[in-house]
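Engineer:
Numbering (our numbering), first residue to last: 128 to 543.
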């Protein structure tokens with residue numbers, strides 16, 4: 128790898144913009160270091176709308192899942208800290224390697240595992256990030272899935288974005304600039320970097336470079352919806368391929384009463400199984416680490432009472448783990464629903480013989496049959512039913528109830 132930006136797939140315009148900004152940031156950091164008072168502001172009054180190659184203190188990376196928004200933020204953080212003279216994001220210096228590995232002392236990443244990002248975590252992170260850098264040029268905070276910021280957390284973050292310390296940079300990642308994803312006031316104070324979905328060919332090239340067989344790489348790239356990480360999972364994980372098959376199979380099962388609800392139950396149960404398989408080893412490792420930190424298993428003097436009074440700490444950890452598992456279940460199920468909505472969309476496209484690229488090219492025969500079986504308005508009702516199911520899941524509706532309601536609507540539309 129010759130540059131950290133090699134990790135970004137099909138985003139050359141974004142790479143050019145970030146490289147230019149990183150070069151500007153290097154000059155700005157030098158000026159700040161040389162300033163007598165050390166209190167110079169990074170932004171001037173004329174920099175509210177930043178030129179393409181200028182640097183600013185707050186950035187918002189948006190794009191659909193898999194577009195690489197969090198990767199872009201991490202690569203930019205590495206470029207800002209890069210130690211190689213005359214380069215930004217060289218990929219081989221100590222700063223670049225530690226940022227990409229997540230171990231740099233002046234770069235903090237918030238990756239939400241629960242249902243939301245709380246205000247306490249943001250306040251603690253911002254307090255640390257407001258200090259002078261210890262080894263790098265900047266104190267950098269990367270917040271992935273910033274759409275999960277609670278209202279209090281967003282307000283706490285807004286304060287530091289409005290009045291930034293001179294050596295602090297905030298990098299936010301969100302699906303879009305919609306007010307439901309990021310608050311208008313927070314968005315208005317950030318420089319926006321939109322990312323697009325990489326092409327099928329670009330994703331296939333990445334998978335082939337990773338050592339995946341060419342035919343499997345091209346198939347995974349064609350059905351992943353532009354999501355590089357998902358393409359890699361589909362190409363290497365049989366369980367991921369099975370989960371996709373279950374989701375797409377629900378469309379056919381919904382046409383018969385005898386299979387519709389059984390298929391829905393199977394889809395939810397499968398999502399729970401996948402989430403549990405991911406969460407269980409993490410939970411066990413965290414619990415064991417916490418018990419060891421609290422003194423469990425000790426043999427020295429007083430070790431018998433080491434765990435006394437620790438029930439509250441372990442209970443709090445258990446609650447965090449439960450929240451993470453719930454989020455994992457939702458994420459796995461949501462991915463299946465996206466696949467299902469895309470299948471109905473492909474059938475709708477086929478009914479109009481539109482030259483639009485298919486989301487599931489390997490299911491072309493089924494989508495053509497669906498287009499002949501159901502009218503376009505009925506297929507559109509199916510798409511809307513799936514999207515509505517995704518929405519109600521965000522309001523804590525039990526997955527089984529939400530999916531059963533969706534299947535009822537899809538079944539009614541397809542058997543009209």
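We treat Cβ as the ideally placed atom computed from N, Cα and C, and that holds for glycine.
Which value, in whole angstroms, describes the spacing of the CA atoms of residue 284 and residue 340?
Structural biologist: Along the chain shown, one-based indexing puts residue 284 at 157. Along the chain shown, one-based indexing puts residue 340 at 213. Going from the Cα of residue 284 to the Cα of residue 340 covers about 45 Å.
Engineer: I'd like the ranges of any beta strand (DSSP E) spanning at least 3 consecutive residues and lying wholly in the stretch 318-367.
Structural biologist: Runs found: 318-321.
Engineer: How far does the beta strand (DSSP E) with residue 270 in it reach, from first residue to last?
Structural biologist: Locating residue 270 in the chain shown gives position 143, counting from the first residue. Residue 270 -> beta strand (DSSP E) spans 266-270.
Engineer: Between residue 188 and residue 296, how many whole angstroms is the CB-CB distance? I'm expecting something under 8 Å.
Structural biologist: Sequence index remark: in the chain shown, residue 188 carries index 61 (1-based). Sequence index remark: in the chain shown, residue 296 carries index 169 (1-based). So it is not a contact: roughly 13 Å between Cβ atoms.
Engineer: Return the chain-ordered list of same chain residues with a C-beta closer than 7 Å to the C-beta of residue 281, the five sequence neighbours on each side being excluded.
Structural biologist: In the chain shown, the residue the question calls residue 281 occupies position 154. Same-chain partners within the cutoff: 310 and 313.
Engineer: List the endpoints of the continuous beta strand (DSSP E) containing residue 383.
Structural biologist: Mapped onto the chain shown, residue 383 falls at position 256. Per DSSP, residue 383 belongs to no beta strand (DSSP E) and is neither H nor E.
Engineer: With residue 222 and residue 200 assumed to form a contact (beta carbons below 8 Å), what rounded beta-carbon distance in angstroms separates them?
Structural biologist: For the purposes of this step, residue 222 is identified with residue 95 of the chain shown, where counting begins at 1. For the purposes of this step, residue 200 is identified with residue 73 of the chain shown, where counting begins at 1. At roughly 16 Å, the Cβ-Cβ gap does not stay under 8 Å, so residue 222 and residue 200 are not in contact.
Engineer: Where does residue 140 land, buried or exposed, given buried means 16+ other C-beta within 10 angstroms?
Structural biologist: What you label residue 140 is simply residue 13 of the chain shown in a count that begins at 1. The residue is exposed, with fewer than 16 neighbouring Cβ atoms inside 10 Å.
Engineer: Under 6 Å Cβ to Cβ from residue 459, same chain only, skipping five residues before and after it: list those, please.
Structural biologist: Along the chain shown, read from residue 1 onward, the residue named residue 459 stands at position 332. Excluding positions up to five away in sequence, the list reads 398, 401 and 402.
Engineer: What residue range is occupied by the uninterrupted beta strand (DSSP E) comprising residue 300?
Structural biologist: Reading the chain shown from its first residue, position 173 is the one you call residue 300. Per DSSP, residue 300 belongs to the beta strand (DSSP E) from 295-301.
Engineer: Our contact map puts residue 380 next to residue 374 with C-beta atoms below 8 Å; I'd like the distance itself, whole angstroms only.
Structural biologist: Along the chain shown, one-based indexing puts residue 380 at 253. Along the chain shown, one-based indexing puts residue 374 at 247. Not confirmed; about 11 Å, so no contact.
Engineer: Alpha carbon to alpha carbon, what distance is there between residue 442 and residue 525?
Structural biologist: Translated into positions along the chain shown, residue 525 becomes position 398. Translated into positions along the chain shown, residue 442 becomes position 315. About 24 Å.
Engineer: Taking the alpha-carbon positions, what's the residue 517 to residue 220 distance?
Structural biologist: As a working note, residue 517 is residue 390 in the chain shown. As a working note, residue 220 is residue 93 in the chain shown. The alpha-carbon atoms of residue 517 and residue 220 are separated by roughly 43 Å.
Engineer: Where DSSP assigns a beta bridge to residue 189, which residues make up the other side?
Structural biologist: Here residue 189 is taken as the residue at index 62 of the chain shown, counted from 1. Note: residue 189 sits in a beta bridge opposite 301 and 321.
Engineer: Quick one: grab the DSSP three-state call for residue 249.
Structural biologist: Position 122 of the chain shown, counting from 1, holds the residue named residue 249. Three-state DSSP puts residue 249 in a helix.
Engineer: Quick one: grab the DSSP three-state call for residue 244.
Structural biologist: Stepping through the chain shown from its first residue, residue 244 is reached at position 117. Reduced to three states, the DSSP call for residue 244 is strand.
Engineer: Just to confirm my understanding: we take residue 227, look at its own chain, exclude 5 residues before and 5 after, and list those with CB closer than 7 Å. What are they?
Structural biologist: Against the chain shown, residue 227 aligns to sequence position 100. Contacts found: 131, 201 and 205.
Engineer: Report the three-state DSSP secondary structure of residue 135 (helix, strand or coil).
Structural biologist: To locate residue 135, count along the chain shown from 1; it is residue 8. Looking at residue 135 - three-state DSSP - the assignment turns out to be coil, as it is neither helix nor strand.
Engineer: Give the single residue among 521, 322, 486 and 474 whose Cα lies nearest to the Cα of residue 504.
Structural biologist: For the purposes of this step, residue 504 is identified with residue 377 of the chain shown, where counting begins at 1. With distances taken between Cα atoms, residue 504 lies closest to 474.
Engineer: Beta-carbon within less than 8 Å of residue 146's beta-carbon, same chain only, minus the 5 sequence neighbours each way: which residues are those?
Structural biologist: As a working mapping, residue 146 is identified with position 19 in the chain shown. Closer than 8 Å at the Cβ level, and outside the excluded window around residue 146, lie 132, 206, 215 and 216.
Engineer: What residue does the beta strand (DSSP E) around residue 236 start on, and which one ends it?
Structural biologist: Locating residue 236 in the chain shown gives position 109, where the first residue counts as 1. It spans 234-237 - the beta strand (DSSP E) in which residue 236 sits, taken as one unbroken run.
Engineer: Below 8 Å, can you find three or more Cβ-Cβ pairs linking the stretch 495-515 to the stretch 465-480?
Structural biologist: Cβ pair count under 8 Å is three or more, so yes.
Engineer: Whose C-beta lies closer than 7 Å to the C-beta of residue 356 among residues of the same chain, with five residues either side of it excluded?
Structural biologist: In the chain shown, the residue the question calls residue 356 occupies position 229. Closer than 7 Å at the Cβ level, and outside the excluded window around residue 356, lie 193.
Engineer: Hey, out of 136, 209, 268 and 450, whose CA is closest to residue 234's CA?
Structural biologist: For the purposes of this step, residue 234 is identified with residue 107 of the chain shown, where counting begins at 1. Measuring from the Cα of residue 234, the nearest candidate turns out to be 268.
Engineer: With DSSP run on the structure shown, which of helix, strand or coil describes residue 276?
Structural biologist: Position 149 of the chain shown, counting from 1, holds the residue named residue 276. Residue 276: strand per DSSP, three-state reduction.
Engineer: On a CA-only basis, which of 262, 326 and 245 is nearest residue 273? Give me that one, please.
Structural biologist: On the chain shown, residue 273 is found 146 positions in, with the first residue counted as 1. Nearest option by C-alpha distance: 245.
Engineer: Determine the contact status of residue 243 and residue 277, defining contact as a CB-CB distance below 9 Å.
Structural biologist: Translated into positions along the chain shown, residue 243 becomes position 116. Translated into positions along the chain shown, residue 277 becomes position 150. Cβ atoms of residue 243 and residue 277: closer than 9 Å.
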